[in-house]
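Position 117 (the first sequence) corresponds to 164 in this note's numbering; numbering is contiguous. Below is one structure, written out as structure tokens; comments come after it.
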Amino acid sequence: MSPQGKKRSRATLAGKKRPAAKFAKSKIQEEEEELMMPVPKERSSKPVGSSTGKATKKAACPSAQGSKQVYSHWLMKSEPESRFEKGADVKFGIEDLKAQPNQTACWDGVRNYQARNFMRDMKVGQEAFFYHSNCKEPGIAGIIKIVKEAYPDHTQFDKKDPHYDSSSTKENPKWSMVDVQFVRMTKRFIPLSELKAHYQVHRASGGLLKDMTLFTRQRLSVQPLTDEEFEFVLSLEEKPS
DNA sequence: GCCAACGTTGGC
DNA sequence: GCCAACGTTGGC
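What follows is the structure, given as structure tokens:
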């Protein structure tokens, strides 16, 4: 995304963009995706709060009737190293976000329905990990927060943009983006290798990270974390690497 | 640079 | 609707 939505997505501003590639999905396909989305497959979504039934105000309540899981934490991938796509550099690391006016940028360029739908679920004030992908050292570099909820991604209408989508119209925009603001760097960089090691242990032992989307849906550039996953990953900050 | 994972396309 | 071909993601 820019962040890779992207897979990737990224922020806008002068020049970075990503590829638009092929998008020619049938209407049907598109609608389907919009309507049903993604509750990431297996996570047993545990509603964050109550065990007893129903509706406490909290968040996640996957309840029986098929309502979908509600998330309040996210992980957003972006590439911190230069890479050219259709002539444009898609580089957008956390340092690039910090350098933006107000340390804020729009997360444009996401061209995957599931990632898009997760962005549409994001609420102002929610936090996300800023994940560096496709680079020397992949992993979590910092924390960002949502400062503007989903609105049309302007790059879909820009023929010069690598993410241009000729099938989208202003009347019915296909792709969305959110605005994010830098919150802080993590106390230390949390490498993918470390996260993966925990994931593997947890997968075997039934630990907290056993369903972490980063590993269960490998190429998804915008993804949710349960509160427990978010807290666990944050706790790694305190450990010496 | 390689290549596994996986989403999309399009023939049938 | 199946599925092989193809393209992209992204770790290594």
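Just so you know, even glycine gets a beta-carbon here, dropped at the ideal spot from N, CA and C.
Per DSSP, reduced to three states, the secondary structure at TYR178 is strand.
Taking C-alpha positions only, GLY186 is separated from SER215 by approximately 33 Å. Scanning ILE237, ARG266, LEU256 and ASP205 for the CA closest to the CA of HIS245 turns up LEU256. The alpha-carbon of GLN161 is positioned some 14 Å away from that of ALA197. Assigned with DSSP and collapsed to three states, GLN147 falls in coil, not helix or strand. The beta carbon of LEU122 lies closer than 7 Å to those of ALA175, PHE176, TYR178, LEU261, GLN270 and LEU272 in the same chain, with the five residues before and after it left out. Per DSSP, HIS201 lies in no alpha helix (DSSP H) and is assigned neither H nor E. For the options TYR211, ILE190 and ILE191, the alpha carbon positioned closest to that of ASP200 is the one of TYR211.
The beta strand (DSSP E) runs of length 3 or more contained entirely in the region 191 to 245 are, from start to end of the chain, 223 to 238. For LEU122, the secondary structure class from DSSP, reduced to helix, strand or coil, is strand. Exclusion of the five residues before and after GLU142 leaves PRO127 as the residues of its chain whose Cβ lies within less than 8 Å of its Cβ. In this structure THR233 touches ILE190 by the C-beta definition: roughly 7 Å separates them, less than 8 Å.
By alpha-carbon distance to LYS115, the top candidate from PRO148, ASN164, TRP154 and SER129 is ASN164. In the DSSP annotation of this structure, LEU256 is not part of any beta strand (DSSP E), being labelled neither H nor E. Looking at the DSSP output, GLU132 sits in a beta bridge with ALA135. Per DSSP, LEU272 is one residue of the beta strand (DSSP E) stretching across 269 to 272.
Looking at the DSSP output, GLY186 sits in a beta bridge with HIS179 and PRO238. Note that the C-beta distance between VAL157 and VAL194 is not below 8 Å.
Of the candidates SER119, GLU241, LYS124 and ASP155, the residue whose Cα lies closest to the Cα of LYS221 is ASP155. In this structure, the alpha-carbon of LYS133 lies about 26 Å from that of PRO148. Around the beta-carbon of GLU278, fewer than 16 other beta-carbon atoms lie within 10 Å, marking it exposed.
Burial of PHE229 is indicated by the presence of at least 16 other C-beta atoms within 10 angstroms of its C-beta.
Looking from the CA of VAL117, the closest CA among MET166, ARG266, PRO209 and CYS182 belongs to MET166. If you draw a straight line from the Cα of ASP136 to the Cα of CYS153, it is about 16 Å long. By the 16-neighbour rule on beta-carbons within 10 angstroms, ALA188 is buried.
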